[in-house]
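Taking it in order: structure first as structure tokens, then the write-up.
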Amino acid sequence: MKISIFVMVLSLTACSGATEPSASPETSTPANESATAPAAENEKAPLPEVTRPQTETFDLMTGEGNQSHTATLHQGEGFSLYVFEKFAFDAAEGRLFLSSNPEYDVKIGSLPANYDLKQLETAGKAELEKFGEVSDFSGELVEHPLGSAEIYLQASSGEGIRDYIVWKSETGDAFLFRLRNPKGEEASDFAGPVLVSLSTVQRDSK
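Position 196 of the sequence shown, counted from 1, bears residue number 250 in the working numbering, the numbering being contiguous throughout.
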């Protein structure tokens, strides 16, 4: 399947965390039950779990034009996402980072159903104010992989950019992304692909 996502590498991106790619989720196939087994021992076979493709291809609009890149499905703690070749993912910490420089990273966390948006916004501003002046891009994100964000706070300084984002997937599950995008040559290599990866975050089906 080929998914086209056009990435405008604006000044929007950037957080903290650790490493180690995780395997894609396994699906268990129930063993065939014997026709002669006593009825009391026969259990209802679980419905097969809907799995995501192991790989997906995305079109990234970069400074060199539109290019196709393949991403591999990785499993985190209760969620999965697609990760591009130059990135690594630490499943235990929910941390996605640039393989060549782990300082470029994003920490991904699932939010409970009853999360308090106002509390998160206050916490995000307090966190980012330590880094620099905070800008608010919450709401619809034009030509941005995430599409929209309930909270999109960003602080920039001579050291780079930090983002604090509360985002909902198409299935209505909410996540908190803390991005760290230091100033340097690898900033653009990180910004575009990492946002596309975040747009594929999806909570595991129960």
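Built from N, CA and C at the ideal position, the CB exists for glycine as well.
Here the alpha carbon of Glu131 sits roughly 7 Å from the alpha carbon of Ala146. Residue range Ala241 to Leu252 is occupied by the alpha helix (DSSP H) that includes Val248. In the same chain as Gly201, and ignoring 5 residues on each side of it, the C-beta atoms closer than 8 Å to its own belong to Glu194, Leu195 and Ser253, in chain order. In this structure, the straight-line span from the alpha carbon of Ala177 to that of Leu230 is close to 12 Å.
Within the same chain, Cβ atoms closer than 8 Å to the Cβ of Glu204 are found at Leu171, Ser192, Val220, Trp221, Lys222 and Ala228, the five residues on either side in sequence being excluded. Rounded to the nearest whole angstrom, the C-alpha separation of Tyr158 and Asp258 is 26 Å. Relative to Val255, the option among Val248, Arg106, Leu135 and Gln121 whose CA is nearest is Leu135. A straight-line Cα-Cα distance of about 12 Å links Arg234 and Ile162. In terms of Cα proximity to Pro236, the closest of Leu150, Pro156, Thr105 and Glu139 is Pro156. Look at Thr225 here: in three-state DSSP terms it is coil, with no helix or strand label. Between the beta-carbon of Leu150 and that of Val137 there is about 7 Å, and that keeps the pair under the 8 Å contact cut. For Ser211, the closest C-alpha among the options Gly226, Glu183, Pro199 and Arg232 is that of Glu183. By the Cβ neighbour-count rule, Ser251 is buried, with 16 or more other Cβ atoms within 10 Å of its own. In the three-state reduction of the DSSP assignment, Ala180 falls in the helix class. Ranked by how close their Cα comes to the Cα of Tyr169, the residues Leu114, Arg216 and Gly226 have Gly226 in first place. Exclusion of the five residues before and after Asn120 leaves Asp113 as the residues of its chain whose Cβ lies within less than 6 Å of its Cβ.
Apart from sequence neighbours up to five positions away, the residues of its chain that approach Lys179 with a beta-carbon distance below 7 Å are Val188 and Leu207, ordered along the chain. With respect to Pro199, Leu165 sits apart: the two C-beta atoms are not nearer than 8 Å. Residue burial is scored here from C-beta neighbours: Ala142 has at least 16 other C-beta atoms within 10 angstroms and is therefore classed as buried.
For Ser210, the uninterrupted beta strand (DSSP E) segment begins and ends at Ile205 to Ser211.
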